[in-house]
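Letter 262 of the sequence shown, counting from 1, is numbered 262 in UniProt numbering, and no numbers are missing.
All C-beta atoms, glycine included, are put in the ideal place defined by N, C-alpha and C.
As the structure is a prediction and not an experimental result, all values here were calculated from the model.
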Amino acid sequence: MPSSPNSTGKKALHFGAGNIGRGFIGPLLAAAGYHVVFADVDEGTINKLNEVDTYGVHILDNARHVDTIGNVSGVLSHKPGAEHAIADSSVLLITTAVGPNVLPKIAPTLAKGLSARREAHPESGLNVIACENKVGATATLRAEVFKALPLEEDKRWVAEHIGFANCSVDRIVPPFDPSEDPEADTELDVGVEGFFEWIVEAPALKDPPPGVEGMQLTQDLEAYVERKLYTLNTGHATTAYLGYLKGLPTIDRAISDADIRRAVEGALAQSGAALVKKHQFKPEEHEAYVQKILGRFENPALKDSTDRVGRQPLRKLGREDRLVGPATMCRELGLPNDWLLNAVAGCLLYDDTEDEQARELKEMIGRDGVGKVVKDLTGL
């Protein structure tokens with residue numbers, strides 16, 4: 001997926017210059033002919049982007065190769081440069097990969113930039129897509145932006161001209177150390193799996209359309225968001241927590257363990273039954289989707305650690321998140337959920353001392369007892 005020359009003059013502003021931004025969303029935007037402006041708080045990364053203008057995306061599959069991504073630059077997200085970029089009428093798309101908890105922090109910058117855009121270019125529209133592992137992430141960002149908009153006329157203008165489209169994103173982007181890869185040319189290089197999926201709700205988009213190859217548009221996003229969250233993320237988390245408990249350091253080693261494999265397959269069979277019943281997915285197509293995901297977990301080239309995938313257990317015990325969400329859906333549909341509850345138990349036992357949420361969870365269980373914690377956090 002090498003980038004294309006920017007002959008159109010169009011730009012995209014992407015908040016988050018981390019591995020997901022550089023390894024997933026940024027390359028798709030660059031390949032679509034956008035000049036990609038990364039916005040981030042990390043001054044070193046932004047300076048490097050402006051210095052080199054290109055970096056490598058290493059595809060960590062059997063047929064390994066490196067895509068060169070060019071036509072990129074950077075601005076500091078907490079400085080006026082980000083607001084100026086939003087106000088620039090050549091910026092037609094704004095995306096994020098900052099983590100759900102950071103969205104409220106970037107909303108004031110978006111609000112200021114959009115207000116300035118209304119004054120300078122009142123006829124120019126754009127679309128905003130938050131590419132986060134959270135159901136309704138863009139809707140959350142939109143609500144925060146509207147809170148921060150200073151004037152009612154700003155709110156009316158944004159409602160008319162700015163699209164806020166929810167999406168589902170899927171690509172495994174593991175930690176990648178360029179210094180350990182002889183093919184890496186710059187510290188900005190990033191490693192990713194070859195598979196990716198980016199599904200966006202079409203009805204929420206405004207003109208001009210994004211025009212990004214690899215971005216799938218759908219009229220029924222909820223089905224695909226839940227399919228991804230309750231399959232990829234459910235299986236990933238289950239593998240991570242059970243692997244951690246067995247002392248297995250990586251996802252590929254954990255999924256190769258017979259007991260863990262059986263538990264993961266059981267959890268995905270139960271979440272799959274609920275998804276098929278709720279959204280009318282074809283059972284054979286969903287089973288093929290599950291098997292593809294299990295094959296992705298087996299990829300040793302990703303070197304994906306169980307502690308990375310398992311981090312922030314309190315967030316992952318959320319009622320609509322990857323473990324409790326499908327367990328609750330099964331219960332509501334009258335379907336068994338014991339394998340999913342087994343995964344919840346694995347999460348409750350995750351006690352990585354380097355993880356702040358794991359320490360907090362352990363303290364809660366020690367203070368209140370596991371029964372109360374389960375009831376309060378999950379509602380199960």
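* Asked: Can you tell me whether DSSP reads residue 328 as helix, strand or coil?
  -> Start at 1 with the first residue of the sequence shown, and residue 328 comes out as number 328. It is helical.
* Asked: Could you give the residue range of the beta strand (DSSP E) that holds residue 65?
  -> Counting from one through the sequence shown, the residue named residue 65 turns up at place 65. Residue 65 -> beta strand (DSSP E) spans 65-69.
* Asked: Where does residue 299 sit, in a helix, a strand or coil, going by DSSP?
  -> Start at 1 with the first residue of the sequence shown, and residue 299 comes out as number 299. Coil, per DSSP.
* Express the C-alpha separation of residue 361 and residue 75 in angstroms, rounding to a whole number. => Sequence index remark: in the sequence shown, residue 75 carries index 75 (1-based). Sequence index remark: in the sequence shown, residue 361 carries index 361 (1-based). Cα-Cα distance, rounded: 37 Å.
* Asked: Is it right to say residue 159 is buried, meaning 16 or more other beta carbons lie within 10 angstroms of its own, or is it exposed?
  -> As a working note, residue 159 is residue 159 in the sequence shown. Exposed, since its Cβ has fewer than 16 Cβ neighbours within 10 Å.
* 6 Å CB neighbourhood of residue 238 in its chain, flanking five on each side removed -> Stepping through the sequence shown from its first residue, residue 238 is reached at position 238. Within the same chain, residue 238 has close Cβ partners 264, 267 and 343.
* Rounded to a whole number of angstroms, what is the C-alpha to C-alpha distance between residue 251 and residue 380? -> The residue given as residue 251 occupies position 251 in the sequence shown. The residue given as residue 380 occupies position 380 in the sequence shown. For residue 251 and residue 380, the distance between alpha carbons rounds to 27 Å.
* Helix or strand or just coil, what does DSSP make of residue 173? -> The count along the sequence shown starts at 1 and reaches residue 173 at position 173. It is coil, neither helix nor strand.
* Hey, which unbroken runs of the beta strand (DSSP E) at 3 residues or more fall wholly within the stretch 20-83? -> 35-40, 55-59, 65-69 and 72-76
* Looking only at its own chain, which residues have a Cβ that is under 8 Å from the Cβ of residue 7, when we skip the five neighbours before and after it? -> As a position in the sequence shown, residue 7 is number 7, starting the count at 1. Residue confidence is low: residue 7 scores 49 on pLDDT, short of 50, so the model does not pin down where it sits. Its coordinate-derived value is still stated next. So the list reads 33, once near-sequence residues are dropped.
* To do: Look at residue 147 and residue 100 and say whether their C-beta atoms are less than 8 Å apart.
  => In the sequence shown, the residue the question calls residue 147 occupies position 147. In the sequence shown, the residue the question calls residue 100 occupies position 100. No. Outside cutoff.
* To do: Give every residue of the same chain whose Cβ lies closer than 8 Å to the Cβ of residue 53, excluding the five residues on either side of it in the sequence, and list them in chain order.
  => Locating residue 53 in the sequence shown gives position 53, where the first residue counts as 1. Closer than 8 Å at the Cβ level, and outside the excluded window around residue 53, lie 70, 71, 72 and 73.
* Under a three-way DSSP split, which group does residue 7 fall into? -> Within the sequence shown, the letter at position 7 stands for residue 7. Note that residue 7 has pLDDT 49, beneath the 50 cutoff, so the model's placement of it is unreliable and the number below is only indicative. Of the three classes helix, strand and coil, the one that applies to residue 7 here is coil, per DSSP.
* Would residue 137 pass as a contact of residue 93 if the rule is Cβ separation under 8 Å? -> Counted from its first residue, the sequence shown places residue 137 at position 137. Counted from its first residue, the sequence shown places residue 93 at position 93. Not closer than 8 Å, so no.
* **Enclosing beta strand (DSSP E) for residue 183 [first to last residue]** => To locate residue 183, count along the sequence shown from 1; it is residue 183. Per DSSP, residue 183 belongs to no beta strand (DSSP E) and is neither H nor E.
* Three-state secondary structure (DSSP) at residue 121? -> Position 121 of the sequence shown, counted from the start, is the residue given in the question as residue 121. Here residue 121 sits in coil by DSSP.
* Between the CA atoms of residue 366 and residue 358 - distance to the nearest angstrom -> Here the question's residue 358 lines up with position 358 in the sequence shown. Here the question's residue 366 lines up with position 366 in the sequence shown. If I take the Cα positions, the gap works out to 12 Å.
* For residue 225, which residues does DSSP report across the bridge? -> Translated into positions along the sequence shown, residue 225 becomes position 225. DSSP output for residue 225 lists no bridge partner at all.
* Going by alpha carbons, who is nearest to residue 83 out of 17, 373 and 112? -> The sequence position of residue 83 within the sequence shown is 83, counting from 1. If we check each option's Cα against that of residue 83, 112 comes out closest.
* Going by beta carbon distance, what residues of the same chain come within less than 8 Å of residue 349, once the five residues before and after it are set aside? -> By one-based count along the sequence shown, residue 349 stands at place 349. So the qualifying residues of the chain are 241 and 245.
* Starting from residue 279, follow its DSSP beta bridges and name the residues at the other end. => Residue mapping note: residue 279 aligns to position 279 of the sequence shown, counting from 1. Residue 279 is not bridged to any residue.
* Evaluate residue 254 with the Cβ neighbour count: other Cβ atoms within 10 Å of its Cβ, from every protein chain shown; 16 or more gives buried, anything less gives exposed. => The residue given as residue 254 occupies position 254 in the sequence shown. Burial call: buried.
* Kindly indicate which three-state DSSP category residue 165 falls into: helix, strand or coil? => In the sequence shown, counting from the first residue as 1, residue 165 sits at position 165. Residue state, collapsed to three classes: coil.
* Taking buried to mean at least 16 other C-beta atoms within 10 Å of its own C-beta, is residue 369 buried or exposed? -> Taking the sequence shown and counting its residues from 1, one reaches residue 369 at position 369. Exposed.
* To do: Provide the residue span of the alpha helix (DSSP H) that contains residue 342, from first to last.
  => Counted from its first residue, the sequence shown places residue 342 at position 342. Unbroken alpha helix (DSSP H) run through residue 342: 338-348.
* To do: Determine which residues share a DSSP beta bridge with residue 378 and list them.
  => Taking the sequence shown and counting its residues from 1, the one referred to as residue 378 is at position 378. DSSP lists no partner for residue 378.
* Asked: Which residue's Cα is closest to the Cα of residue 22: 229, 175, 325 and 336?
  -> By one-based count along the sequence shown, residue 22 stands at place 22. If we check each option's Cα against that of residue 22, 175 comes out closest.
* To do: Could you tell me whether the Cβ atoms of residue 316 and residue 347 are closer together than 8 Å?
  => Counted from its first residue, the sequence shown places residue 316 at position 316. Counted from its first residue, the sequence shown places residue 347 at position 347. Closer than 8 Å, so yes.
* To do: Please classify residue 216: does DSSP put it in a helix, a strand, or coil?
  => Walking along the sequence shown from the start, residue 216 turns up at place 216. Residue 216 falls in the strand class under three-state DSSP.
* Within its chain, find whatever has a CB closer than 6 Å to the CB of residue 329; leave out the 5 residues flanking it on each side and keep chain order. => Locating residue 329 in the sequence shown gives position 329, counting from the first residue. Excluding residues within five positions, the ones whose Cβ falls inside 6 Å are 274.
* Asked: Between residue 279 and residue 373, what straight-line distance do the alpha-carbon atoms span, to the nearest angstrom?
  -> Counted from its first residue, the sequence shown places residue 279 at position 279. Counted from its first residue, the sequence shown places residue 373 at position 373. Taking the straight line joining both Cα atoms gives about 31 Å.
* Asked: What's the C-alpha gap between residue 60 and residue 141?
  -> As a working note, residue 60 is residue 60 in the sequence shown. As a working note, residue 141 is residue 141 in the sequence shown. Between residue 60 and residue 141, the C-alpha separation is close to 32 Å.
* Is DSSP giving residue 305 helix, strand or coil here? -> Locating residue 305 in the sequence shown gives position 305, counting from the first residue. Residue 305 falls in the strand class under three-state DSSP.
* Beta-carbon contacts of residue 65 that lie in its chain and below 6 Å, excluding the five residues immediately before and after -> Mapped onto the sequence shown, residue 65 falls at position 65. Around residue 65: 59.
* State the CB to CB distance for the pair residue 96 and residue 132, rounded to an integer number of angstroms; the pair is presumed to be in contact (CB under 8 Å). => Along the sequence shown, one-based indexing puts residue 96 at 96. Along the sequence shown, one-based indexing puts residue 132 at 132. Contact flag correct, Cβ pair sits at about 7 Å.
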